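The next block holds one structure in the form of structure tokens; read it before the comments.
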Amino acid sequence: MADVIVVGAGVVGAACAYYAARAGLDVTVLDRGPVAGGTTGAGEGNILVSDKEPGPELDLAVLSNKLWRELADGVDFEFEAKGGLVVAETPAVLEQLTALAVKQGVEHTLAGDLAAYEPHLAQGLAGGVFYPQDAQVQPMLAAARLIRAAQDRYGHQKVRLRTGVTVTGFLRSGGRVTGVRTSEGDLLAAAVVNAAGTWGGEVARLAGVHLPVLPRRGFILVTEPLRTPLVRHKVYTAAYVTNVASDNEGLETSAVVEGTPSGTVLIGASRERVGFDRTISLPVLQRLAAQAVALFPVLRDVRAIRTYCGFRPYCPDHLPVIGADPRMPGLYHACGHEGAGIGLAPATGHLLAQLLSGQSPSLDLGAFRPDRFPAEAHS
Amino acid sequence: MNAYDLVVVGGGPAGVAGALTAAQAGLRVALLDSGARLGGQYFRHLPASFHASREGMLHHGLDRFVRQSGTLERLADLRLGHQVWAVTRQEELLAVHAVMTSDGPHGHPVELPVVLRTRALLIATGAHDRPLPFPGWDLPGVLTAGGAQALLKGNLVAAGRRVVVAGTGPFLLPVAAGLARSGTRVAEVLEANGGLGLAGHPWLALSKAGEAAGYAATLLRHRVPYRTRHAVVAAHGERELTHVSVARIDRDWRIRATRTVECDTLAVGYGFVPQIDLATQLGCDTGHDLDGSPIVTVDASQSTSVPGVYAAGEPTGVGGAVLSELEGRIAGLAIAAELGTPPAGEPPAVPGLLLRRRTRLRAFARALQQAYPVQDGWQSWLADDTLVCRCEEVTLGAIREAQRLGATDARSIKLLARPGMGWCQGRMCGHAVACLAGQAPQPPRRPLAQPITLGALERISDDKPN
Ligand SMILES: Cc1cc2nc3c(=O)[nH]c(=O)nc-3n(C[C@H](O)[C@H](O)[C@H](O)COP(=O)(O)OP(=O)(O)OC[C@H]3O[C@@H](n4cnc5c(N)ncnc54)[C@H](O)[C@@H]3O)c2cc1C
Chain A
2 MADVIVVGAG VVGAACAYYA ARAGLDVTVL DRGPVAGGTT GAGEGNILVS
52 DKEPGPELDL AVLSNKLWRE LADGVDFEFE AKGGLVVAET PAVLEQLTAL
102 AVKQGVEHTL AGDLAAYEPH LAQGLAGGVF YPQDAQVQPM LAAARLIRAA
152 QDRYGHQKVR LRTGVTVTGF LRSGGRVTGV RTSEGDLLAA AVVNAAGTWG
202 GEVARLAGVH LPVLPRRGFI LVTEPLRTPL VRHKVYTAAY VTNVASDNEG
252 LETSAVVEGT PSGTVLIGAS RERVGFDRTI SLPVLQRLAA QAVALFPVLR
302 DVRAIRTYCG FRPYCPDHLP VIGADPRMPG LYHACGHEGA GIGLAPATGH
352 LLAQLLSGQS PSLDLGAFRP DRFPAEAHS
Chain B
258 MNAYDLVVVG GGPAGVAGAL TAAQAGLRVA LLDSGARLGG QYFRHLPASF
308 HASREGMLHH GLDRFVRQSG TLERLADLRL GHQVWAVTRQ EELLAVHAVM
358 TSDGPHGHPV ELPVVLRTRA LLIATGAHDR PLPFPGWDLP GVLTAGGAQA
408 LLKGNLVAAG RRVVVAGTGP FLLPVAAGLA RSGTRVAEVL EANGGLGLAG
458 HPWLALSKAG EAAGYAATLL RHRVPYRTRH AVVAAHGERE LTHVSVARID
508 RDWRIRATRT VECDTLAVGY GFVPQIDLAT QLGCDTGHDL DGSPIVTVDA
558 SQSTSVPGVY AAGEPTGVGG AVLSELEGRI AGLAIAAELG TPPAGEPPAV
608 PGLLLRRRTR LRAFARALQQ AYPVQDGWQS WLADDTLVCR CEEVTLGAIR
658 EAQRLGATDA RSIKLLARPG MGWCQGRMCG HAVACLAGQA PQPPRRPLAQ
708 PITLGALERI SDDKPN
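Listed below in structure tokens is the structure:
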């Protein structure tokens, strides 16, 4: 019997497993697919503090940023501390950006001479703010190698990864969760962590509790590998910050452009609520291309060679769900991180491991409570 | 302007026959192909020498194809140099998105987007070579069998070179014969499959298509040995190919004994992979060919599961030029019947005679595939440092490491180790990676069927409806 079963081998599940094992717990990670085959396999891998409004999510992001750096020292997942550059088209927007940066209270510098940061950036932008803490990882490698590192450091007996195992229900006894029912049989555990990402709502329902996690689709364009890097940092426009927090159902895009170690340029990121529809949307791709070219005119002659989409797990208030579920003892949640799950994974895992091992979490989890949503309306 | 009745993608035997049949029935037809001339894989790459030396059916087929292309030029809107990268549904119509390169303001070439709207679509995109990885296959001098054909066409294979042709299937013979005739020394032809059934009689296999005698005579004349149950299992050379390891192999393709053969060129081909990207973009049902390749499922009239979308030729299963042309013709007739213009001089529906011929040719294509399978033993030719994906330089070792990390299928291997993420988008290594993952190759998910510049992509809706 494991101390903890983690449902989901995405980056969040991997981080939960890593920190739980570090805390001395015996962990089994289950996934119905392979490792990192869910939304983690569609993410860009940005670890951002720059795009968060001051508040609990920013606090989580700052903690997570520090933890990512610790993890990168010893585990290889292509961590790049490249920094993020947020640019403003007009002086008015620049003023807002600067005001936000001051309120955030994270390390930043005013980027007066944009060309010094990004020589190929379009002319005529009003200015920008540079955030040195923004970084990037290869998210799939990060998930897979975190689990591997936990095994290597804390014992292959203590950390098990089981792929191809679907959780179909929960075992309960005396009003507590005591394990899961799976496609491969029942598994007992003292605690179960729901790290099923976009499918976290479904897993919660299997346990009889309501959790409103829904998909928010995003497309990414990937260019051919470039021999000389054209884009040094992660670069995006101020509009991105408002889009991230937006409640709009419709399509929103704002170019987020960045180079990767493999030489390709990634262009994100659209946001729209269309359920789990994978049909290619040319208007989305067109807008992403147009916005990328507007930021970096040299990209006009660069070819896009592929595109893919994924479904961010979002909650109505755009905050993740992290913590013990008071409605169902033994059940914990670590899901609903929307477009920031990669960035927020280590802090999520670290805080949850503190809860699981009976410590009080080093950051207040009040804003992320699983029971903060109104009860599901029954019809 | 109004939409087309039919847009055909692909200018090989299937596409040309389909477009011509539909145009002759009075439909408004456009045909797009990325090449500068019609012909597809099969005819475009034929060397000029084929025109001179009359070699049975093949030449016959070429004559016919040239005639058809000529007529098509008058009856349909031919758009060469157009790369189709996506097809989408637009209300009742289909929108076919292509890019073409033209001279920009300062003579600097720019890529322009083109959108054609149409009531029906015929996917006749053919197939591409299927190489298998082995140590040294990335050395300059190692070509795909199809690539060698293309080189011949351009007379780029200089006389005096020494070539080994290896792989499986009857296609190796025309490649070897073409090389021999062009003055190249063909050291050996190595067929990995064995002496039973059709594989023991490649001449017979080809003679069905009527091409055998000529190749046999050519190879004999040039004293080219043809060995079954042999394969090139490694290529060697400092900076370019100097010699290969030739192995005698068993029925499962495991190595029994090896020797060294000097050569500066190696042409390898292990069959073909149907190109079905456009069909999967539209959500057409797919199935698997006998050799495991994903193919588009079609009904008796070559119609896919998506209304208005048809497929003909290799995308429905690799079967060669004659079958492709027939399927194209059947599709053309069916589309004409569906769109309500009875073709002049032919009954509206597809004649039973054509359908029966198709049944026979498909049975033959299946028999060929059965006779020339790809056996798993090739995996034992690879070392840990053998490249499997050349675009991203991914080794077998990296793939095995991804599997140890928890990648259980080809997609997750790609996510962790990057095979198939590069320029060719897995066209070269996809089959091999799926086999290494212990999986049948999955239908491709390529929302961009071809690379497109961001400059063209940002302008896709500027294009006025044709
Ligand atoms: C286009 C796009 C770009 C993004 N860019 C970024 C970025 O730059 N930075 C960032 O931080 N975030 C980004 N994100 C968001 C990020 O990808 C997600 O927040 C994060 O990957 C979520 O991780 P997860 O582990 O919670 O979920 P997932 O990775 O989806 O993992 C959940 C796992 O649970 C498994 N599962 C589900 N149900 C069951 C069941 N019943 N039984 C067993 N297993 C089950 C699934 O198979 C899956 O593997 C992006 C997202 C998208 C779509």
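These protein sequence lines map, in sequence, to chains A and B. Quick note: the first sequence uses the working numbering, first residue 2, plus one each step. Quick note: the second sequence uses the working numbering, first residue 258, plus one each step. The C-beta atom is built at its ideal place from N, Cα and C for all residues, glycine as well. Just so it is clear, the structure is predicted and the values come from calculations on it, not from any experiment.
For my contact list, B:I512 and B:A504 are in at a C-beta cut-off of 8 Å; report their separation, rounded to the angstrom.
Taking the second sequence and counting its residues from 1, one reaches residue 512 of chain B at position 255. Taking the second sequence and counting its residues from 1, one reaches residue 504 of chain B at position 247. Contact annotation, B:I512 with B:A504: C-beta distance approximately 4 Å; criterion of less than 8 Å satisfied.
By the three-class DSSP mapping on this structure, what secondary structure does B:I587 have?
For the purposes of this step, residue 587 of chain B is identified with residue 330 of the second sequence, where counting begins at 1. Of the three classes helix, strand and coil, the one that applies to B:I587 here is helix, per DSSP.
Work out the CA separation of A:Q137 and B:R716 for me, nearest whole Å.
Along the second sequence, one-based indexing puts residue 716 of chain B at 459. Along the first sequence, one-based indexing puts residue 137 of chain A at 136. Cα to Cα, B:R716 sits roughly 30 Å from A:Q137.
Within 8 Å (strictly less), CB to CB, does B:I709 reach chain A?
Residue 709 of chain B sits at position 452 when you count from the first residue of the second sequence. At least one chain A Cβ lies under 8 Å of B:I709.
Looking at ligand 1, does it come within less than 7 Å of A:P371, judged from the CB to the closest heavy atom?
The residue given as residue 371 of chain A occupies position 370 in the first sequence. No, the beta carbon of A:P371 sits no closer than 7 Å to any heavy atom of ligand 1.
Thinking C-alpha only, which one of B:P427, B:A437 and B:A407 is nearest B:V421?
Stepping through the second sequence from its first residue, residue 421 of chain B is reached at position 164. Considering only alpha carbons, the answer is B:A437.
Which of helix, strand or coil DSSP assigns to B:H545
Walking along the second sequence from the start, residue 545 of chain B turns up at place 288. Three-state DSSP puts B:H545 in a strand.
Are A:V322 and A:L189 close, meaning C-beta to C-beta below 8 Å?
For the purposes of this step, residue 322 of chain A is taken as residue 321 along the first sequence, with counting starting at 1. For the purposes of this step, residue 189 of chain A is taken as residue 188 along the first sequence, with counting starting at 1. With a cutoff of 8 Å on beta-carbon distance, A:V322 and A:L189 are scored as not near each other.
Which one or two residues does DSSP pair with B:H354 in a beta bridge?
For this step, residue 354 of chain B is matched to residue 97 along the second sequence. According to DSSP, which records beta bridges pairwise, B:H354 is partnered with B:A343 and B:V372.
Is A:N47 near ligand 1, with its Cβ less than 7 Å from a heavy atom?
Residue numbering aside, residue 47 of chain A sits at position 46 when the first sequence is read from its first letter. Because some heavy atom of ligand 1 lies under 7 Å away, the Cβ of A:N47 counts as near it: yes.
Could you tell me which of A:A346, A:T29, A:V204 and A:V13 sits nearest to A:T164, measuring between CA atoms?
Residue 164 of chain A sits at position 163 when you count from the first residue of the first sequence. When each option's Cα is compared against that of A:T164, the closest is A:T29.
So the beta strand (DSSP E) B:P551 belongs to, where does it begin and stop?
Taking the first residue of the second sequence as 1, we reach residue 551 of chain B at position 294. Unbroken beta strand (DSSP E) run through B:P551: P551 to V553.
Determine the extent of the alpha helix (DSSP H) in which B:G435 is found, giving its start and end residues.
Your numbering for residue 435 of chain B matches position 178 in the second sequence. Counting along the chain, the alpha helix (DSSP H) containing B:G435 begins and ends at L429 to R438.
Confirm the yes/no value for this check: CB of A:F312, any heavy atom of ligand 1, distance under 7 Å.
By one-based count along the first sequence, residue 312 of chain A stands at place 311. Yes, Cβ of A:F312 sits closer than 7 Å to a heavy atom of ligand 1.
Quick one: using the 10 Å Cβ neighbour count with 16 as the cut-off for buried, is B:V406 buried or exposed?
For the purposes of this step, residue 406 of chain B is taken as the residue at position 149 of the second sequence. The identity of residue 406 of chain B in the sequence shown is Gln, whereas the question assumes Val. Residue environment analysis places B:Q406 among the buried positions, since at least 16 neighbouring C-beta atoms fall within 10 angstroms of its C-beta.
Who pairs with B:T515 in a beta bridge, going by DSSP?
Taking the first residue of the second sequence as position 1, residue 515 of chain B is located at position 258. B:A504, per the DSSP bridge assignment.
Using 8 Å as the limit for Cβ to Cβ distance, is B:D666 near chain A?
Residue 666 of chain B sits at position 409 when you count from the first residue of the second sequence. Yes, B:D666 counts as interfacial toward chain A.
By a C-beta neighbour count over all protein chains shown, 10 Å radius and 16 as the cutoff for buried, is A:E71 buried or exposed?
Numbered from 1 along the first sequence, position 70 holds the residue referred to as residue 71 of chain A. Counting Cβ neighbours within 10 Å, A:E71 comes out exposed, since fewer than 16 surround it.
For B:A536, go through chain A and note every residue whose CB falls closer than 7 Å to its CB, in chain order.
Residue numbering aside, residue 536 of chain B sits at position 279 when the second sequence is read from its first letter. Within 7 Å Cβ-Cβ: nothing; B:A536 doesn't reach chain A, min ~13 Å.
Tell me whether B:S637 sits in a helix, a strand or coil according to DSSP, three-state version.
Locating residue 637 of chain B in the second sequence gives position 380, counting from the first residue. Three-state result, B:S637: helix.
Three-state class that DSSP yields for B:D334 in the structure shown
Here residue 334 of chain B refers to the residue found at position 77 of the second sequence. Three-state result, B:D334: strand.
Bridge partners of B:P531, per DSSP?
The sequence position of residue 531 of chain B within the second sequence is 274, counting from 1. B:P531 is bridged to B:A384.
Using a Cβ-Cβ cutoff of less than 6 Å, which residues in the same chain neighbour B:E312 once the five nearest sequence positions on both sides are dropped?
Numbered from 1 along the second sequence, position 55 holds the residue referred to as residue 312 of chain B. Residue confidence is low: B:E312 scores 43 on pLDDT, short of 50, so the model does not pin down where it sits. Its coordinate-derived value is still stated next. Counting only Cβ-Cβ distances below 6 Å, and skipping sequence neighbours, we find G471.
Counting only beta-carbon separations shorter than 8 Å, does B:R374 have a partner in chain A?
What you label residue 374 of chain B is simply residue 117 of the second sequence in a count that begins at 1. Cβ-Cβ to chain A under 8 Å: no for B:R374.
Regarding A:R33 and ligand 1, is the C-beta to nearest heavy atom distance less than 7 Å?
Here residue 33 of chain A corresponds to residue number 32 of the first sequence, with the count starting at 1. For ligand 1, at least one heavy atom lies less than 7 Å from the Cβ of A:R33.
Measure the CB-CB distance between A:A208 and A:M329 and report whether it falls below 8 Å.
Stepping through the first sequence from its first residue, residue 208 of chain A is reached at position 207. Stepping through the first sequence from its first residue, residue 329 of chain A is reached at position 328. Going by C-beta atoms, A:A208 is nearer than 8 Å to A:M329.
Would you please verify whether the beta carbon of B:W680 is less than 8 Å from any beta carbon of chain A?
If you number the second sequence from 1, residue 680 of chain B lands on position 423. Closer than 8 Å to some Cβ of chain A, the Cβ of B:W680 qualifies, so yes.
By DSSP, does B:A578 sit in helix, in strand, or in coil?
As a working note, residue 578 of chain B is residue 321 in the second sequence. Helix.
Taking one C-beta from the region 138-147 of chain A and one from the region 275-285 of chain A each time, how about it: are there three or more such pairs within less than 8 Å?
Too few Cβ pairs lie closer than 8 Å, so no.
Any heavy atom of ligand 1 closer than 7 Å to the CB of B:I709?
Position 452 of the second sequence, counted from the first residue, corresponds to residue 709 of chain B. Answer for B:I709: no, Cβ out of range of ligand 1.
Confirm, please, whether the CB-CB distance from B:A588 to B:A606 is below 8 Å.
Translated into the one-based positions of the second sequence, residue 606 of chain B becomes position 349. Translated into the one-based positions of the second sequence, residue 588 of chain B becomes position 331. No. Outside cutoff.
Return the chain-ordered list of same chain residues with a C-beta closer than 7 Å to the C-beta of B:A333, the five sequence neighbours on each side being excluded.
Start at 1 with the first residue of the second sequence, and residue 333 of chain B comes out as number 76. Around B:A333: A276, A280, V286, A287 and L288.
What distance in whole Å lies between the Cβ atoms of B:V501 and B:V489, which are believed to be in contact at a cut-off of 8 Å?
Working through the second sequence from its first residue, we reach residue 489 of chain B at position 232. Working through the second sequence from its first residue, we reach residue 501 of chain B at position 244. Contact holds; Cβ gap of about 5 Å.
B:T573 versus B:S359 - alpha carbon distance
Translated into the one-based positions of the second sequence, residue 573 of chain B becomes position 316. Translated into the one-based positions of the second sequence, residue 359 of chain B becomes position 102. Straight-line spacing of the CA atoms in B:T573 and B:S359 works out to 33 Å.
When you compare only the Cα positions, how much space is there between B:S326 and B:R647?
For the purposes of this step, residue 326 of chain B is taken as residue 69 along the second sequence, with counting starting at 1. For the purposes of this step, residue 647 of chain B is taken as residue 390 along the second sequence, with counting starting at 1. Taking the straight line from one Cα to the other gives about 36 Å.
Under 7 Å from the C-beta of B:P704: neighbouring residues of chain A
On the second sequence, residue 704 of chain B is found 447 positions in, with the first residue counted as 1. Chain A residues near B:P704: I281 and T308.
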